[in-house]
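Visitor:
2 protein chains.
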Amino acid sequence: MKYTEMSKQQLKEELQLLTKKYQEFKDMQLKLDMSRGKPSASQLAISDAILTSVTADNTKTADGTEARNYGGVDGIPEMKSLFGEIFGVDSKNVIICDNSSLHIMFDIIAQAMSTGLAGETPWVMQGKVKFLCPSPGYDRHFAVTEYFGIENIMVPMTENGPDMDMVEELVKDPSVKGIWCVPKYSNPDGVSYSDETVRRMAALKPAAKDFRVMWDNAYAVHHLYDDRRDEVLCLYQESKKFDNQDMVLMFASTSKITHPGSGVSALAASDRNIALIKKRLSFQTIGPDKVNQLRHARMFKNLADIDEHMKKHAEIIRPKFKIVLDALESELAPLGIGRWKHPNGGYFISYYAPKGCAKRTEALCKEAGLVLTPAGAAYPYGNDPMDSNIRIAPTFPPNDELQIAINLFCVAARLAYAEKLLAE
Amino acid sequence: MKYTEMSKQQLKEELQLLTKKYQEFKDMQLKLDMSRGKPSASQLAISDAILTSVTADNTKTADGTEARNYGGVDGIPEMKSLFGEIFGVDSKNVIICDNSSLHIMFDIIAQAMSTGLAGETPWVMQGKVKFLCPSPGYDRHFAVTEYFGIENIMVPMTENGPDMDMVEELVKDPSVKGIWCVPKYSNPDGVSYSDETVRRMAALKPAAKDFRVMWDNAYAVHHLYDDRRDEVLCLYQESKKFDNQDMVLMFASTSKITHPGSGVSALAASDRNIALIKKRLSFQTIGPDKVNQLRHARMFKNLADIDEHMKKHAEIIRPKFKIVLDALESELAPLGIGRWKHPNGGYFISYYAPKGCAKRTEALCKEAGLVLTPAGAAYPYGNDPMDSNIRIAPTFPPNDELQIAINLFCVAARLAYAEKLLAE
Chain A
1 MKYTEMSKQQ LKEELQLLTK KYQEFKDMQL KLDMSRGKPS ASQLAISDAI
51 LTSVTADNTK TADGTEARNY GGVDGIPEMK SLFGEIFGVD SKNVIICDNS
101 SLHIMFDIIA QAMSTGLAGE TPWVMQGKVK FLCPSPGYDR HFAVTEYFGI
151 ENIMVPMTEN GPDMDMVEEL VKDPSVKGIW CVPKYSNPDG VSYSDETVRR
201 MAALKPAAKD FRVMWDNAYA VHHLYDDRRD EVLCLYQESK KFDNQDMVLM
251 FASTSKITHP GSGVSALAAS DRNIALIKKR LSFQTIGPDK VNQLRHARMF
301 KNLADIDEHM KKHAEIIRPK FKIVLDALES ELAPLGIGRW KHPNGGYFIS
351 YYAPKGCAKR TEALCKEAGL VLTPAGAAYP YGNDPMDSNI RIAPTFPPND
401 ELQIAINLFC VAARLAYAEK LLAE
Chain B
1001 MKYTEMSKQQ LKEELQLLTK KYQEFKDMQL KLDMSRGKPS ASQLAISDAI
1051 LTSVTADNTK TADGTEARNY GGVDGIPEMK SLFGEIFGVD SKNVIICDNS
1101 SLHIMFDIIA QAMSTGLAGE TPWVMQGKVK FLCPSPGYDR HFAVTEYFGI
1151 ENIMVPMTEN GPDMDMVEEL VKDPSVKGIW CVPKYSNPDG VSYSDETVRR
1201 MAALKPAAKD FRVMWDNAYA VHHLYDDRRD EVLCLYQESK KFDNQDMVLM
1251 FASTSKITHP GSGVSALAAS DRNIALIKKR LSFQTIGPDK VNQLRHARMF
1301 KNLADIDEHM KKHAEIIRPK FKIVLDALES ELAPLGIGRW KHPNGGYFIS
1351 YYAPKGCAKR TEALCKEAGL VLTPAGAAYP YGNDPMDSNI RIAPTFPPND
1401 ELQIAINLFC VAARLAYAEK LLAE
């Protein structure tokens, strides 16, 4: 019976039952964590060959460069070519950087702030500037623009990506300087942008010449199922059709392909943007860690190698997604509580509690020893207008812990909603 | 006989002889390079154990952190402790970053430009700001401030470091925001700052609250001789005596200890500065490459291990310094041409041609197939007011090539000076 169909008396009995169940979890003195999109120990192990894939007799790159010494600014040829395949662009439009793609993005915003993009006035000098944040989205994207004092504007996510009607309207404002996007298996919804969304994004005519689409393809190859795979159009190729390629900056990394702490990241952009960023890099650094790039190149010759490798990740994390989804379907669906997605890839399950119940659900979990991503974190300034969304990250805990965690989560979700209905 | 004592006729004969010698070098169609402070192939080899010092069964740091996964912002404990020893500060005042200390410095200037340092107005908003550049100095330092449109002001180097009378005077101008320093075995002079210089630097009272001493201890452990070692006072400890520690930022790296392309770098600073920089890093990156830090920690338990390792480097490069210095002493000294230093460490020999002869000497070398660091590069905007200084980098070429290169250099130095005297 759905909660909304229960009488007050039935709800009170339910609350009593739930309070007892909840206390049982508390008595277990749990220490569980479903907060971080972090690979598990067994996922790390499948990439361990990379630790020793470069040895002393084997330190030259494809073009004969000595990887151990100084030199180079944009990455070794074999990695540029590999990420070219991932992005769907020519390798000349790729720069390979160190272990954090967030770092590349932060530095681009920093460059825009202090010296300006492509000859435009530095944003610091332009007064209030704004950034579009499709929400729910990736909290660390929004945090970058917030750090620089840029105003984050929420744009709702739909089943097909950001609400493009709203985006097209907002970019008429010259103080709107960019948009954060996770186009494939989005964080946290697991939504992949439709062809129409990508085409409309590619065709945008923003008032600001220094407007940038920050296209973070963090889950480009992170499918959960062999037979159900989302594919997303290449924004760069689409934008070229509108001579709009300088508006586009695309990012990816091996963080969730090999080892998150010691991977490589990459940027894809137009000839003009690549030249400007390479110029900055030539002042900023003595060059990226070429040895670590070579380790990756030795492990993956091409996209097909990566695809095979990603199947091993999927085998490990697919059961984890199943544990979470099965629990939600059996424990919450029959009671009419919340809604959630069944993503085909990525790292998260996005749970939407009944309006006004997310913070309470999270707090109940926390009190019983289960850490979740803070409710609201996926919205600018942590402010979910519906107090509804909770990001569930199932990959890190071992399966037995995950089962207990999601059982506790379901009890907390029921409690929060029962309390709310009784208070109305 | 010294050139200045020669008659015009004698000089003409000398020029004739030199032109013939120079032609012989040209006929050899050389391709030589003494331009970069770059370790040689045999230096790379002595650190090769680091490539495989972390293996799959061995991936946890001293505090039990899994190095392969996400997490951490300021470095693994064992590397913080090791660099604490190198800097002479507590490990809580150290942050470990990726392979380029230049990157840390650039990012601090970028931060000063866009968001300001320690609550002060961003430099972009302060109108023209200036930076002090002890010269000759490291061109890539000067390039960072030049990149951001900061005005570089030349301060002469003395035998004891920068001219501190001038520095003390210049910092009374609130638009002067910092000074670049390589305090030990300086690039290119090989000068180490005297105790008095360090103490006066530590006691500076700049008008600008956001003035920073950028103290790049790039050659902290890079001695050439066991029995002749320069030691430099720790600026941070000295600055604390004047409650001036927020003015000081110190840098170092393993670039010329292990492999230049894949080392680790470090920053040492006051509690307040460390907190501010850690805050920025927590927005900027998912964290440094902990696996690579662990590789270094496995190789070096403490400063004594590094010291032993550096002796192996010294054994390789000491003969190279000798080849260059012997040639200068035997070929140029008797003719009264130029002057040079005999550094006790570092990577360079700083050659001072007679006034107005550096560019011509460099051009002659280049024409005969020997690349040098561009004359003037060690001065702001590449402008050596005396057209005198040339940085000689002896470490990279094999000894036989180095011998030919320095022989050619001496002929070019003689030619340039003879031409000049004849033209007077």
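Going down the list, the sequences are from chains A and B.
Quick note on numbering: my numbering labels position 190 of the first sequence as 190, and the sequence is numbered without any gaps.
Quick note on numbering: my numbering labels position 128 of the second sequence as 1128, and the sequence is numbered without any gaps.
Even glycine gets a Cβ: it sits at the ideal position worked out from N, Cα and C.
Residues in its own chain within less than 6 angstroms of Leu328 (chain A) by CB, not counting five upstream and five downstream?
Guide: Residue 328 (chain A) sits at position 328 when you count from the first residue of the first sequence. Closer than 6 angstroms at Cβ, skipping near neighbours: Trp340.
Visitor: Who are the neighbours of Val54 (chain A) on chain B, taking C-beta pairs under 8 angstroms?
Guide: Position 54 of the first sequence, counted from the start, is the residue given in the question as residue 54 (chain A). The contacting residues are Leu1051.
Visitor: Contact defined as beta carbons within less than 8 angstroms: I believe Tyr1352 (chain B) pairs with Tyr1003 (chain B). What is the distance between those atoms, to the nearest angstrom?
Guide: Position 352 of the second sequence, counting from 1, holds the residue named residue 1352 (chain B). Position 3 of the second sequence, counting from 1, holds the residue named residue 1003 (chain B). Not quite, the Cβ-Cβ distance comes to about 15 angstroms (not below 8 angstroms), so this is no contact.
Visitor: Based on Cα-Cα distance, which residue from B:Ser1100, B:Ala1368, B:Met1006 and B:Pro1394 lies nearest to His1259 (chain B)?
Guide: Position 259 of the second sequence, counting from 1, holds the residue named residue 1259 (chain B). Out of B:Ser1100, B:Ala1368, B:Met1006 and B:Pro1394, B:Ser1100 has the C-alpha closest to the C-alpha of His1259 (chain B).
Visitor: Please classify Glu238 (chain A) as buried or exposed, where buried requires at least 16 neighbouring CB atoms within 10 angstroms.
Guide: Against the first sequence, residue 238 (chain A) aligns to sequence position 238. Buried, because 16 or more other Cβ atoms sit within 10 Å of the Cβ of Glu238 (chain A).
Visitor: Mark Tyr1379 (chain B) as exposed unless 16 or more other C-beta atoms lie within 10 angstroms of its C-beta, in which case mark it buried.
Guide: For the purposes of this step, residue 1379 (chain B) is taken as the residue at position 379 of the second sequence. Burial call: buried.
Visitor: According to a CB-to-CB cut-off of less than 7 angstroms, which residues of the segment 1082-1109 of chain B neighbour chain A?
Guide: Of all residues in the segment 1082-1109 of chain B, Asp1098, Asn1099, Ser1100, Leu1102, His1103 and Phe1106 have a Cβ within less than 7 angstroms of some Cβ in chain A.
Visitor: Counting only beta-carbon atoms, is Asp289 (chain A) nearer than 8 angstroms to chain B?
Guide: Residue numbering aside, residue 289 (chain A) sits at position 289 when the first sequence is read from its first letter. With 8 angstroms as the cut-off, Asp289 (chain A) counts as an interface residue toward chain B.
Visitor: Taking only beta-carbon positions, decide if Ser35 (chain A) is within less than 8 angstroms of chain B.
Guide: Taking the first sequence and counting its residues from 1, the one referred to as residue 35 (chain A) is at position 35. Ser35 (chain A) does not count as touching chain B.
Visitor: Taking contact to mean at least 3 C-beta pairs separated by less than 8 angstroms, is the segment 1137-1155 of chain B in contact with the segment 1238-1247 of chain B?
Guide: No: fewer than three Cβ pairs fall under 8 angstroms.
Visitor: Drop a sphere of 10 angstroms on the beta-carbon of Gly64 (chain A), count the other beta-carbons inside from all chains shown, and report buried for 16 or more, exposed for fewer.
Guide: Here residue 64 (chain A) corresponds to residue number 64 of the first sequence, with the count starting at 1. Exposed, by the Cβ-count rule.
Visitor: Does the distance from the C-beta atom of Val411 (chain A) to that of Leu18 (chain A) stay below 8 angstroms?
Guide: Sequence index remark: in the first sequence, residue 411 (chain A) carries index 411 (1-based). Sequence index remark: in the first sequence, residue 18 (chain A) carries index 18 (1-based). Yes, the pair counts as a contact, with Cβ atoms nearer than the cut-off.
Visitor: For Gly1426 (chain B) versus Tyr1347 (chain B), is the C-beta spacing smaller than 8 angstroms?
Guide: Nothing can be reported for residue 1426 (chain B): it is not among the residues displayed for chain B, which extend from 1001 to 1424.
Visitor: So, helix, strand or coil for Arg212 (chain A), using DSSP?
Guide: Numbered from its first residue, the first sequence carries residue 212 (chain A) at position 212. Looking at Arg212 (chain A) - three-state DSSP - the assignment turns out to be strand.
Visitor: Determine contact between the segment 1272-1280 of chain B and the segment 1086-1097 of chain B, defined as no fewer than three beta-carbon pairs at a distance below 8 angstroms.
Guide: Verdict: yes, contact present.
Visitor: Within 8 angstroms of any Cβ in chain B, is that where the Cβ of Asn273 (chain A) sits?
Guide: What you label residue 273 (chain A) is simply residue 273 of the first sequence in a count that begins at 1. It does not: the Cβ of Asn273 (chain A) has no partner Cβ on chain B nearer than 8 angstroms.
Visitor: From what residue to what residue does the alpha helix (DSSP H) around Phe1300 (chain B) run?
Guide: Numbered from its first residue, the second sequence carries residue 1300 (chain B) at position 300. Taken as a continuous stretch (DSSP letters only), Phe1300 (chain B) belongs to no alpha helix (DSSP H), as it is neither H nor E.
Visitor: Using the Cβ count rule (16 or more neighbours within 10 Å means buried), how would you classify Pro206 (chain A)?
Guide: Indexing the first sequence from 1 puts residue 206 (chain A) at position 206. Looking at its Cβ environment, which holds 16 or more other Cβ atoms inside 10 Å, Pro206 (chain A) is buried.
Visitor: Using beta carbons (cut-off 8 angstroms, strictly below), is Gly261 (chain A) in contact with chain B?
Guide: On the first sequence, position 261 is the one that residue 261 (chain A) refers to. Yes - at least one Cβ of chain B is within 8 angstroms of the one on Gly261 (chain A).
Visitor: Please name the residue in B:Trp1180, B:His1313 and B:Glu1196 whose C-alpha comes closest to that of Glu1231 (chain B).
Guide: Looking up residue 1231 (chain B) in the second sequence gives position 231. Of the candidates B:Trp1180, B:His1313 and B:Glu1196, the one whose C-alpha sits nearest the C-alpha of Glu1231 (chain B) is B:Glu1196.
Visitor: Considering only residues of the segment 133-219 of chain A, which uninterrupted beta strand (DSSP E) runs meet the minimum length of 3 residues and lie entirely inside it, listed in chain order?
Guide: Counting only runs of 3 or more, we get 151-158, 176-181 and 212-216.
Visitor: Given a limit of 7 angstroms on CB to CB distance, which residues of the segment 1113-1145 of chain B reach chain A?
Guide: Result list: Met1113, Ser1114, Thr1115, Pro1122, Val1124, Met1125, Ala1143 and Val1144.
Visitor: Could you check where the beta strand (DSSP E) with Asp392 (chain A) kicks off and where it finishes?
Guide: Here residue 392 (chain A) corresponds to residue number 392 of the first sequence, with the count starting at 1. Rather than Asp, the amino acid found at residue 392 (chain A) in this sequence is Ile. Here the beta strand (DSSP E) through Ile392 (chain A) covers Asn389 to Ile392.
Visitor: Which residues in chain A sit within 9 angstroms of Lys1038 (chain B), going by Cβ to Cβ distance?
Guide: Residue numbering aside, residue 1038 (chain B) sits at position 38 when the second sequence is read from its first letter. Near Lys1038 (chain B) (Cβ distances below 9 angstroms), the residues of chain A are Asn69, Tyr70 and Gly71.
Visitor: Put Ala405 (chain A) into one of helix, strand or coil per three-state DSSP.
Guide: Within the first sequence, numbered from 1, the residue matching residue 405 (chain A) stands at position 405. The answer is helix: DSSP assigns Ala405 (chain A) an H, G or I state.
Visitor: Quick check: is the beta carbon of Tyr1347 (chain B) nearer than 8 angstroms to any beta carbon in chain A?
Guide: Here residue 1347 (chain B) is taken as the residue at index 347 of the second sequence, counted from 1. Not an interface residue.
Visitor: For the ligand MN, is there any heavy atom lying closer than 7 angstroms to the beta carbon of Val1221 (chain B)?
Guide: The ligand MN is not among the ligands present in this structure, which contains no ligands whatsoever.
Visitor: Determine the contact status of Val1264 (chain B) and Asp1033 (chain B), defining contact as a CB-CB distance below 8 angstroms.
Guide: Counted from its first residue, the second sequence places residue 1264 (chain B) at position 264. Counted from its first residue, the second sequence places residue 1033 (chain B) at position 33. Their beta carbons are not under 8 angstroms apart, which means Val1264 (chain B) does not touch Asp1033 (chain B) by this criterion.
Visitor: Since Asp27 (chain A) is in the alpha helix (DSSP H), which residue starts that stretch and which ends it?
Guide: In the first sequence, counting from the first residue as 1, residue 27 (chain A) sits at position 27. Unbroken alpha helix (DSSP H) run through Asp27 (chain A): Lys8 to Asp27.
Visitor: Could you give the distance in angstroms between the alpha-carbon of Thr1158 (chain B) and the alpha-carbon of Ala1143 (chain B)?
Guide: Along the second sequence, read from residue 1 onward, the residue named residue 1158 (chain B) stands at position 158. Along the second sequence, read from residue 1 onward, the residue named residue 1143 (chain B) stands at position 143. For Thr1158 (chain B) and Ala1143 (chain B), the distance between alpha carbons rounds to 22 angstroms.
Visitor: Any idea if Met250 (chain A) is buried or exposed, counting beta-carbon neighbours within 10 angstroms, 16 or more meaning buried?
Guide: The residue given as residue 250 (chain A) occupies position 250 in the first sequence. Looking at its Cβ environment, which holds 16 or more other Cβ atoms inside 10 Å, Met250 (chain A) is buried.
Visitor: Within 10 Å of its beta-carbon, does Gly127 (chain A) have 16 or more other beta-carbons around it, so buried, or fewer, so exposed?
Guide: As a first step, residue 127 (chain A) is located in the first sequence; it is residue number 127 there, counting from the start. Exposed: under 16 other Cβ atoms inside 10 Å.
Visitor: Please decide whether Thr61 (chain A) counts as near chain B, where near means a Cβ-Cβ distance under 8 angstroms.
Guide: Position 61 of the first sequence, counting from 1, holds the residue named residue 61 (chain A). No, Thr61 (chain A) does not count as interfacial toward chain B.
Visitor: For Glu1367 (chain B), count neighbouring Cβ atoms within 10 angstroms of its own Cβ and tell me buried if that reaches 16, exposed if not.
Guide: Translated into positions along the second sequence, residue 1367 (chain B) becomes position 367. So Glu1367 (chain B) counts as exposed.
Visitor: Going by alpha carbons, who is nearest to Pro183 (chain A) out of A:Pro394, A:His222 and A:Lys241?
Guide: Against the first sequence, residue 183 (chain A) aligns to sequence position 183. Looking at the Cα atoms, A:His222 is the closest of the given residues.
Visitor: Is Ala1118 (chain B) near Asp1210 (chain B), with beta carbons less than 8 angstroms apart?
Guide: By 1-based counting over the second sequence, the position of residue 1118 (chain B) is 118. By 1-based counting over the second sequence, the position of residue 1210 (chain B) is 210. Yes.
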